[in-house]
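So the sequence lines, in the order shown, correspond to chains A and B. Each step along the first sequence adds one to the number in the numbering used here, with nothing skipped, and position 526 is 526. Residues are numbered in the numbering used here as their position in the second sequence, beginning at 1, plus a constant of 1000.
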Amino acid sequence: MGGFARNRLVKALRSGLMQAVRRYLGAAPLVLLFLLPLALSLILLLRGLVDIQASQALFQHPQFSGALKLTLFTGITSTAASLMLAVMITSQNHRNILQQASVFLSVPHLALAMGLGFLIAPTGLLARLIAALFTGWTLPPHWQTTQDSFGFALIAALVLKETPFLVWAMASVMQQDELKQRFARETIVALSLGHGLHASFMRIVLPQVLQRSLWPIIAVFSYGMTVVDMALVIGPTQPPTLAQLVWTDLNDGEVLANARGAAGTLVLSGLIISALAMIFLVLRITRPLQRQWMTLAARPEIRSTVPARIIWPIWAIIYALVIVAMALQSFSALWPFPDLVAPHFTTTAWARLLQDASPFWTSVVIAIVTSCLALVAVIAWLETQSQARDRIALAAATAMLCLPALLVALGQYRLLLLVGGTGTWVGLLFAHVLSVTAYMLVMLTGSYRAFDPHWQSASRGLGASRLTFLSKVKWPMMKASLLSSLAIGFAVSIAQFVPAQLAAAGRFSTLPMEAVTLSSGGNRALIAVYALVLMALPLIAFQLSSWASRPRWRTA
Amino acid sequence: MLELRDISLAITDRVLVHPFSLAVAAGDIVTLMGPSGSGKSSILSYIGGDLLEAFTAKGDVVLNGQSLLLQPPETRHIGRLFQDDLLFPHMTVGENLLFAVPRLPKAERLTMVTTALERAELTGFADRPPHTLSGGQRQRVALMRALLAKPSAILLDEPFSKLDKSLRGQMRDYVFSHIKARAIPALLVTHDRKDAPIGGRVLEISNEGVVRDV
């Protein structure tokens, strides 16, 4: 009798212990890989939070006020324009808009900025096309189209890149099963009340979509205000944006300059927060006006939807032109101006990429390793933690994506310095893995939690163990989202520049680092090669993932 | 008067509803019954002008002597009521109603909203968000919203099926009396015979897709 009770007690303890062990083991990878380093990085930012001397040095920098104005101008304009365009695009019914947007998403910012340069520079493909088709120019036009002092080129590059991201974010809200049906029926109601299609979208669907797309919009704004790699390639130089100024300081060996860079990073973050606060204040104050507009009486609509409908196809055309411009340039050594193609094609630049292939392989290996590590960590977390804890992980990931990238990178860098990890492989991996994990968490949590738990009960009913259920039922069924999140992780890793450059400490070079260095030089063909490779790698990853996750058979 | 002339409905070559005709006089409420999937809701969509592309429908829809087929949904003046109240969640109850009021001086529009709230027995609820109302209250607001747009006909797509049994009878009386007071034709679609107004005409779509009086 006593033995029996003890037996039961031991069993209960053991199973409780097993559960606890499983929970801790499952959480460990994500905690070690992501949550803990992120927390430590953010804590380390507090050190020297208010460095009066460094801040004064920053404010006295001759380019500070110019840089400040440029940063506000480029950040606000690019975000507003991207949002407006994204609204126009999502107001139209485009088939497969999510897949199309994700293709644009996979293109690294840096590669797009470099490629856009080849399209719009005075000797770029656009000027050559205009010369050939209309004007017969024999000399390049006096355009200041890249690195212009107002930052228009930077704005254009940001808008080209961020609009598809917002389209993706908004369209994924609109295509959630319940919302999609609800919006469709609400639109029918609005139409039956006499409002036109456009008014129905703007007043009924859009406000509800925007409410749910707040974080992506903030992320776009924060990105636009702090972007470094794009600005170095296509942004203004005299003065540069604040992010460029800060970046130069952070890379400076001198202690004072370095401290000034750190102070600049904090100023930049403060700037973003105050700008956001201002925007929310304005939105709050004008709320009565917004409400009035929302409830205006129906009136007949005579409005052409053609402009809104052609924006999205134009995106594909611009990206295609950018790729063509890069491809032509990569095979051309000498390319006299009005000629549409160079007189001789040469593969010299491509040969140089192969000769010094170490940045390429460094980037590829790191991307594969980090995306696989992150996938394991995210799945281990989602499999073993309660849904309530998703909020912790998602909050960390959202913070990572919405905080200024420079700020997080600075914290990461300080952490690496503290443990002596700069200039090591592990340090370089760490510099990549945070963003990769953040993106993959955001991408995967929704679909992982949406998996119907009935499948598990059904499998258990058939006597399948947990592992069998996972490997034979759940993961195969979720193959598409698992693989596409892997591709996203790969793409994010390939594009990492700021944290990687800081962590590498000059000992390693990755593709983006090499590309930025080359961009300040004059070897246009080689620059084009790097831009193309940067762009191609994520696209290849996406193609592979969608090929590997194609359905085994067509359903009728 | 709402007239359906030789209306038929098919989905990818499979006939759902064979041609039938029907006239609903002003103030009448005609009930169309049928099992789920019989196409009864799609007929309402055809009348309203928002039939999904997968369906093909034929026949003319005539409202007060004018064919509606070439008109977009927003100029057909046909009110709609669904199972779900479909109150817009980002607007207050009052704003939901105001959204439906046609162009008039602002003071008049606001008076119409106040009157509608009174009729919904929800005076003082104007600033409440819809989700704080009970199911029955929301459905009353939805009816008032549909009527505020001054429709020339109204289509009811199982508007009582999500309500508690105890509420249903009350809600039926409420809806029917307000529609009758407007003297507009109404077409009700349901799978529950008890939803039909007493003494009203009832048609049924058979399993073979034939529409008959019952």
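Here a beta-carbon is modelled for each residue, glycine too, at the ideal position from N, C-alpha and C.
The Cβ atoms of Val246/A and Gly261/A sit closer than 7 angstroms to each other.
When secondary structure is reduced to three states using DSSP, Gly1136/B falls in the helix class. One thing to note: Ser1041/B has its Cβ within 7 angstroms of the Cβ of Asp1157/B. Within the DSSP secondary-structure output, Leu1188/B pairs in a beta bridge with Thr1031/B and Leu1156/B. For Leu1097/B, the closest alpha carbon among the candidates Val1202/B, Arg1182/B and Ala1149/B is that of Ala1149/B.
With a cutoff of 7 angstroms on beta-carbon distance, Leu119/A and Leu321/A are scored as near each other. A direct Cα-Cα distance of roughly 10 angstroms separates Leu36/A from Leu434/A.
Among the residues of chain B, those whose CB is under 7 angstroms from the CB of Val189/A are Arg1080 and Leu1086, following chain order. A residue is called buried once 16 or more other Cβ atoms fall within 10 Å of its Cβ, and His195/A is buried on that count. The beta-carbon of Ala297/A is placed less than 7 angstroms from the nearest beta-carbon of chain B.
Judged by beta-carbon spacing, Ile218/A lies beyond the 7 angstroms limit of Ser363/A, meaning their Cβ atoms are not closer than that value.
In the DSSP assignment, Ser1008/B falls outside any alpha helix (DSSP H) and within the unbroken beta strand (DSSP E) covering Leu1002 to Ile1011. The alpha-carbon separation between Ala101/A and His94/A amounts to approximately 11 angstroms.
In this structure, Ile311/A lies near Met88/A, with their beta-carbon atoms less than 7 angstroms apart.
Taking C-beta atoms as the reference points, Ser65/A and Ala491/A fail to come closer than 7 angstroms.
In the three-state DSSP reduction, Glu186/A falls in the helix class (H, G or I).
Contact with chain A is found for Pro1102/B, since one of that chain's Cβ atoms lies less than 7 angstroms from the residue's Cβ.
Looking only at Gly1065/B, Asn1064/B, Val1015/B and Gly1027/B, the smallest Cα-Cα distance to Ile1043/B is reached by Val1015/B.
Contact between the segment 73-83 of chain A and the segment 452-470 of chain A is absent: fewer than three C-beta pairs spanning the two stretches fall below 8 angstroms. Boundaries of the alpha helix (DSSP H) around Glu1095/B: Val1093 to Ala1100. The Cβ-Cβ distance between Arg352/A and Met294/A does not fall below 7 angstroms. Under the DSSP assignment, Asp1127/B falls outside any alpha helix (DSSP H); it carries neither an H nor an E label.
Taking 8 angstroms as the upper bound for CB-CB distance, Phe165/A and Pro216/A are in contact here, some 7 angstroms apart. Taking all protein chains shown into account, Leu537/A has 16 or more neighbouring C-beta atoms within 10 Å of its C-beta and is therefore buried. The three-state secondary structure of Gly1039/B, taken from DSSP, is coil. When CB distances to chain B are screened at a threshold of 9 angstroms, the residues of the segment 172-187 of chain A falling below it are Arg182, Ala184, Arg185, Glu186 and Thr187, in chain order.
About 7 angstroms separates the beta carbon of Val1214/B from that of Leu1203/B, a gap short enough to meet the 8 angstroms contact definition.
If only uninterrupted alpha helix (DSSP H) runs of at least 4 residues are considered, those enclosed by the segment 45-102 of chain A are 52-59 and 64-90.
Leu1098/B belongs to the set of residues whose beta carbon lies under 7 angstroms from a beta carbon in chain A. 7 angstroms or more divides the Cβ of Ser1021/B from the Cβ of Lys1058/B. Note on Asp229/A: 16 or more other CB atoms within 10 angstroms of its CB, so buried under the neighbour-count rule.
Contact check for Gly264/A and Leu232/A: beta-carbon distance about 15 angstroms, past the 8 angstroms limit, so the pair fails to qualify. Here Leu1086/B is not near Pro1159/B, since their CB atoms are 7 angstroms or more apart. Going by beta carbons, Ser549/A and Lys479/A fall inside the 7 angstroms limit. Boundaries of the beta strand (DSSP E) harbouring Val1015/B: Arg1014 to Val1024, taken from the DSSP string. For Val255/A, the uninterrupted alpha helix (DSSP H) run begins and ends at Val255 to Ile285, by DSSP.
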